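J.: Here the protein sequences come in this chain order: A and B. For the first sequence, the tail end lands on 676 under this note's numbering, and the numbers increase by one without skipping. For the second sequence, the tail end lands on 676 under this note's numbering, and the numbers increase by one without skipping. Note that CB positions come from ideal geometry on N, CA and C, so glycine has one too. Just so it is clear, the structure is predicted and the values come from calculations on it, not from any experiment.
There are 2 protein chains.
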Amino acid sequence: MSPERSLATEVIVVGAGLSGLQAARSLVDVGIGTVVLEARSRVGGKTLSIPNKNAAGVADLGAEWLNDATQPRVYQLAARLGLECTDVKVQGDSILQGFDGALIRHNYGEQAPLPNGEDEVVKRIKETFEEEYSKIRLETFDDFPHDGITLEEFVRSRGGGSATLATVAVWTRVMLGCEPSDLSAAYFFIYCKSQGGLMKMRSAKVQGKYVTIKTGAQSLSEGLAKSLPSGAVRLNSAVELVTQKKSGVEVRTTDGSVFTGRKIILAFSTPLYSKIAFVPPLPAAKASLVGSTKLGYYTKVLATYSKPWWREKGFSGASQSFIGPAAATRDTSEDSHSSFRLTSFIAGGPGEQWAQLAPAERREGVLAQFCHMFGSNDAYQPTEYIEQQWSSEEWSLGCPCPYTPPGVLTRVGDCLIEPFGHVHCIGTETAVDWKGYMEGALESGVRGADEVFKLLR
Amino acid sequence: MSPERSLATEVIVVGAGLSGLQAARSLVDVGIGTVVLEARSRVGGKTLSIPNKNAAGVADLGAEWLNDATQPRVYQLAARLGLECTDVKVQGDSILQGFDGALIRHNYGEQAPLPNGEDEVVKRIKETFEEEYSKIRLETFDDFPHDGITLEEFVRSRGGGSATLATVAVWTRVMLGCEPSDLSAAYFFIYCKSQGGLMKMRSAKVQGKYVTIKTGAQSLSEGLAKSLPSGAVRLNSAVELVTQKKSGVEVRTTDGSVFTGRKIILAFSTPLYSKIAFVPPLPAAKASLVGSTKLGYYTKVLATYSKPWWREKGFSGASQSFIGPAAATRDTSEDSHSSFRLTSFIAGGPGEQWAQLAPAERREGVLAQFCHMFGSNDAYQPTEYIEQQWSSEEWSLGCPCPYTPPGVLTRVGDCLIEPFGHVHCIGTETAVDWKGYMEGALESGVRGADEVFKLLR
């Protein structure tokens, strides 16, 4: 455990995901020596792009979509790095699968008709949500109406029945990998508002258009990393100990290397703080936040086909299901590579149940669902089938974004972005805009770099 | 931060309370080199005895009573150390103070009559509790019926109304410094059963008799410490970092000293684990237990008088109150020293509210309550008034014993006593019998020493 090597710098960034790399880029831009320590053998964090097996192009196993209008940071980064984009496909009908497995076919972008006249209730719930957004000041991190109850309790208190709750559950599963009974109503409203509101986020039609990066979203991280000075990013460098002294910080990695700096930026999600030993210990409120912030269950499943068979039947490839295994699907084909793909998410409570099964059983369940929803046995013949279980990734613990149960924000919510000693906290969950997205990661990186810069100069 | 000194031993015990000192004593007895590191400048943990100001003898600010029949370890330790004991006084009437402040005088040891015919409900609740104890196997740490609900929910589900709940709240306040809505019903049942059941614990009449130690309960810790080899107990040695290696552990204290050993025994309550950095980090389940285990609000108040004025009016000095500030009082006089004392506990929700006030206001509130309950202005003239706020003690965080909210035991309860790597866990909360008491501390010390001994020899 004795130091193999020792290196002094000005700022140590822990985590080479988009937020950490952006923080490093911003600091280097203003002449501050920065080292990025990354536990994994790759950069990119929750962006991960791997080559397709049976076609050109790549598969995005993590973050994927960028919006050309509302997400300026990430869109401009893609442009600056010269990355080519493809429009996300939205033509055709969508499918809603009800509790009994029965299917409702409806226009993409419109709410599917619900049983028992709950259409009206869902509409009212959406309006109620919009009202709640107006009460939130995202910039302050100290105002959390309805943090005392779960989102489920909130929906019930506004007259939502089983179909409404099931609809809301599809939202929380796809957005956060959890159930409406898992998270604080306030957290959900903050999360929605941060993304411009539920409606803007849940439809590609409303604001600008969504695109994907032909070489994969991980290209953003790789491009940022390459732009840093040689040796600035240290892979396979898992931090085990952060010791704060008056003059700065000392960081030890599991291979015994010691890095010293004046400030440190932690660029990973709150639950991962539990993997590092802190001397002195985390402030009690921060420790409480770390212990009570959760990441939901979230698996991304990509089934690639030699032809877009669902389009032939007039389907957009978009669906949502109250029963799963997949809570939702989207067409993420790259037509120019003849890579035709249905991407789906096994998430939340049903996701956790399906996780107990063997991979082959899960695959059978997903493909049977595709076959049933889009009405073709072609569903059973993917040329490639990939499952990325973010929840079991050691250095992510889940995706896209951690959430808090009731009461936590009110009690210790301000600790999310509050620096302590020489330690600064970034990551997409700390962003004002687009929490949980690549856009939020970049915003938080810029903010963290600015915080540190003001203290150092 | 570079080591000032370095010391190698076989076993490192962290915490010189009763459990840690007993573990060290048991290890030294079988020839195993042991060092005890204590953050405070004194031994004793939650036993603390200070000299009376205006009389001979001492005041016990922490644990105090021993039972001569059901607590063999602690009673025998007192005898072995030659400590003189005094019987606890139980003669006279008791007082129950209701919601409206109105007083009900009743025989000591009997349940006070409750309004609205809730006597019967309280009686049934007690019987229901007794039934629950029979379902629990304390030795296994894996069977937790009713862990999904709070004690309040359990009581309501069995027909308990406001007076019943208020009675149960007095129990949880005095026993754990919390409200029935704070803790898991299962935890409460386990805690009660560990002490032989609610009734045995709440009455001095049932089994054996209770005594106090004339020189104070801290004499037990001091006696144990003195019996250890010179230099074995290191005061002012707060541990900041525990690093586990294949061969053993390395422990760093805040003054830069480094201790190495083959095994380490942590002899403090679960919430205090958050004060130490662990490399590698705590197992996820243990970290979750640490983050969700709580200590209630608990202040012990001792008012000493030149005469036992309450006895002159036929009172035992025992009371319980639904409104506080003191949830309960007892006569803890040492007649032979002419030190006549009412000891009370400001605990749970009301305790937390009273904690917001200035000490003088709190004192005024407590003495006014004594005056009202026992009917004499003599209450306002203590010769000495001491308040010990255990909840704000840096190295205790509360007393007597941490508890868990619903769901925690079921999820991660077995981590309470489960060793990880070279680390073993003791403390009164881990005991099978008399959790939360000095007896439980001693039991856990013996068990921890035995665990380690079996691995080393």
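So what does DSSP say about B:Ile-314, is it helix, strand or coil?
T.: In the second sequence, residue 314 of chain B corresponds to position 95, counting from 1. In the structure shown, B:Ile-314 sits in a strand (DSSP, three-state: E or B).
J.: Which residues in chain A sit within 7 Å of B:Ala-496, going by Cβ to Cβ distance?
T.: Residue mapping note: residue 496 of chain B aligns to position 277 of the second sequence, counting from 1. Result: Leu-460, Ala-496, Phe-497, Val-498 and Pro-500.
J.: So which residues on chain A does B:Ser-268 lean against when the C-beta distance must stay under 8 Å?
T.: Within the second sequence, the letter at position 49 stands for residue 268 of chain B. The premise fails here: B:Ser-268 is roughly 29 Å from chain A at the closest Cβ pair, so nothing lies under 8 Å.
J.: Report the three-state DSSP secondary structure of B:Ile-432 (helix, strand or coil).
T.: Against the second sequence, residue 432 of chain B aligns to sequence position 213. Note: B:Ile-432 maps to strand in three-state DSSP.
J.: At a Cβ threshold of 8 Å, is A:Ala-506 touching chain B?
T.: For the purposes of this step, residue 506 of chain A is identified with residue 287 of the first sequence, where counting begins at 1. Closer than 8 Å to some Cβ of chain B, the Cβ of A:Ala-506 qualifies, so yes.
J.: Can you list, in chain order, the residues of the region 503 to 532 of chain A whose Cβ is nearer than 8 Å to any Cβ on chain B?
T.: Ala-503, Ala-506, Ser-507, Val-509, Gly-510 and Ser-511
J.: Using only CA atoms, which one of A:Gly-543, A:Leu-443, A:Leu-501 and A:Gly-367 lies nearest to A:Val-393?
T.: The count along the first sequence starts at 1 and reaches residue 393 of chain A at position 174. Answer by Cα proximity: A:Gly-543.
J.: Do the region 634 to 644 of chain B and the region 597 to 604 of chain B make contact, defined as three or more Cβ pairs closer than 8 Å?
T.: Verdict: no, contact absent.
J.: In chain order, what residues of the same chain have a beta carbon less than 6 Å from the beta carbon of B:Ala-258, not counting five sequence neighbours either side?
T.: For the purposes of this step, residue 258 of chain B is identified with residue 39 of the second sequence, where counting begins at 1. Once the five neighbours on either side are set aside, the close Cβ partners of B:Ala-258 are Ala-457 and Trp-614.
J.: Determine whether the Cβ of A:Ser-493 lies closer than 8 Å to any Cβ atom of chain B.
T.: As a position in the first sequence, residue 493 of chain A is number 274, starting the count at 1. Output row for A:Ser-493: interface = yes.
J.: Quick one: what's A:Gly-480 bridged to in DSSP?
T.: Within the first sequence, residue 480 of chain A is the residue found at index 261, counting from 1. A:Gly-480 is bridged to A:Val-468.
J.: Could you check what DSSP says for B:Thr-649 in three-state terms: helix, strand or coil?
T.: Walking along the second sequence from the start, residue 649 of chain B turns up at place 430. B:Thr-649 falls in the helix class under three-state DSSP.
J.: Distance check for B:Ala-388 and B:Pro-624, CA to CA, integer angstroms please.
T.: The residue labelled residue 624 of chain B in the question sits at position 405 within the second sequence. The residue labelled residue 388 of chain B in the question sits at position 169 within the second sequence. So the two alpha carbons sit approximately 15 Å from each other.
J.: Which ranges does the alpha helix (DSSP H) cover as unbroken runs of at least 4 residues, wholly within the region 349 to 378 of chain A, from first to last along the chain?
T.: 370 to 376
J.: Does the beta-carbon distance from B:Ser-538 to B:Arg-224 come in below 8 Å?
T.: Reading the second sequence from its first residue, position 319 is the one you call residue 538 of chain B. Reading the second sequence from its first residue, position 5 is the one you call residue 224 of chain B. Cβ atoms of B:Ser-538 and B:Arg-224: not closer than 8 Å.
J.: Does DSSP put A:Leu-395 in a helix, in a strand, or in coil?
T.: Here residue 395 of chain A refers to the residue found at position 176 when the first sequence is read from its first residue. In the structure shown, A:Leu-395 sits in a helix (DSSP, three-state: H, G or I).
J.: Which residue's Cα is closest to the Cα of A:Glu-371: A:Gln-600, A:Ile-344, A:Asp-279 and A:Leu-508?
T.: For the purposes of this step, residue 371 of chain A is taken as the residue at position 152 of the first sequence. A:Glu-371 has its Cα closest to that of A:Ile-344, out of A:Gln-600, A:Ile-344, A:Asp-279 and A:Leu-508.
J.: For B:Leu-402, which option in B:Phe-373, B:Ser-381 and B:Thr-369 has the closest C-alpha, if you only look at C-alpha atoms?
T.: Indexing the second sequence from 1 puts residue 402 of chain B at position 183. Ranking the options by Cα distance to B:Leu-402, first place goes to B:Thr-369.
J.: Evaluate A:Leu-417 with the Cβ neighbour count: other Cβ atoms within 10 Å of its Cβ, from every protein chain shown; 16 or more gives buried, anything less gives exposed.
T.: In the first sequence, counting from the first residue as 1, residue 417 of chain A sits at position 198. So A:Leu-417 ends up on the buried side.
J.: Count the other C-beta atoms from every protein chain shown that fall within 10 angstroms of the C-beta of A:Lys-464, then say buried if there are 16 or more, exposed otherwise.
T.: Indexing the first sequence from 1 puts residue 464 of chain A at position 245. Exposed, since its Cβ has fewer than 16 Cβ neighbours within 10 Å.
J.: Suppose you measure from the CA of B:Gly-515 to the CA of A:Trp-573; what does that come to, to the nearest Å?
T.: Residue 515 of chain B sits at position 296 when you count from the first residue of the second sequence. Residue 573 of chain A sits at position 354 when you count from the first residue of the first sequence. Whole-angstrom Cα-Cα distance: 39 Å.
J.: Can you tell me whether A:Asn-455 is buried or exposed, with buried defined as 16 or more other CB within 10 angstroms of its CB?
T.: Residue 455 of chain A sits at position 236 when you count from the first residue of the first sequence. By the 10 Å Cβ count, A:Asn-455 comes out exposed.
J.: Mind checking if B:Thr-647 is an interface residue toward chain C, Cβ cutoff 8 Å exclusive?
T.: The structure shown contains no chain C; its protein chains are A and B.
J.: The alpha helix (DSSP H) with A:Ala-242 in it runs from where to where?
T.: Within the first sequence, the letter at position 23 stands for residue 242 of chain A. Under the DSSP assignment, A:Ala-242 falls in the alpha helix (DSSP H) whose first and last residues are 237 to 248.
J.: What three-state label does DSSP hand B:Glu-670 in the structure shown?
T.: As a working note, residue 670 of chain B is residue 451 in the second sequence. Correct three-state label for B:Glu-670: helix.
J.: Flag this pair as yes or no: are the beta carbons of B:Val-230 and B:Thr-253 separated by less than 8 Å?
T.: Taking the second sequence and counting its residues from 1, one reaches residue 230 of chain B at position 11. Taking the second sequence and counting its residues from 1, one reaches residue 253 of chain B at position 34. Yes. Within cutoff.
J.: Which residue wins for smallest C-alpha separation from A:Glu-612, given the options A:Leu-280, A:Ala-227 and A:Leu-240?
T.: Here residue 612 of chain A refers to the residue found at position 393 of the first sequence. A:Glu-612 has its Cα closest to that of A:Leu-280, out of A:Leu-280, A:Ala-227 and A:Leu-240.
J.: My output table needs one value for A:Ile-409: the three-state DSSP class, helix, strand or coil.
T.: Start at 1 with the first residue of the first sequence, and residue 409 of chain A comes out as number 190. Secondary structure of A:Ile-409 (DSSP, three-state): helix.
J.: Take B:Thr-347 as the anchor and find which of B:His-325, B:Met-657 and B:Phe-407 has the nearest alpha-carbon.
T.: In the second sequence, the residue the question calls residue 347 of chain B occupies position 128. Ranking B:His-325, B:Met-657 and B:Phe-407 by Cα distance to B:Thr-347 puts B:Phe-407 first.
J.: Between which two residues does the beta strand (DSSP E) harbouring A:Thr-523 extend?
T.: Within the first sequence, numbered from 1, the residue matching residue 523 of chain A stands at position 304. Segment 517 to 524, the beta strand (DSSP E) holding A:Thr-523.
J.: Using the beta-carbon count (16 or more within 10 Å), is A:Gly-378 buried or exposed?
T.: Translated into positions along the first sequence, residue 378 of chain A becomes position 159. Counting Cβ neighbours within 10 Å, A:Gly-378 comes out exposed, since fewer than 16 surround it.
J.: Output yes or no for whether 8 Å exceeds the beta carbon distance between B:Gly-450 and B:Gly-467.
T.: By 1-based counting over the second sequence, the position of residue 450 of chain B is 231. By 1-based counting over the second sequence, the position of residue 467 of chain B is 248. Their beta carbons are not under 8 Å apart, which means B:Gly-450 does not touch B:Gly-467 by this criterion.
J.: Across which residues does DSSP place B:Ser-225 in a beta bridge pair?
T.: Position 6 of the second sequence, counted from the start, is the residue given in the question as residue 225 of chain B. Paired residue(s): B:Val-477.
J.: Please classify A:Asn-273: is it buried, with 16 or more other beta-carbons within 10 angstroms of its beta-carbon, or exposed?
T.: Position 54 of the first sequence, counted from the start, is the residue given in the question as residue 273 of chain A. Looking at its Cβ environment, which holds fewer than 16 other Cβ atoms inside 10 Å, A:Asn-273 is exposed.
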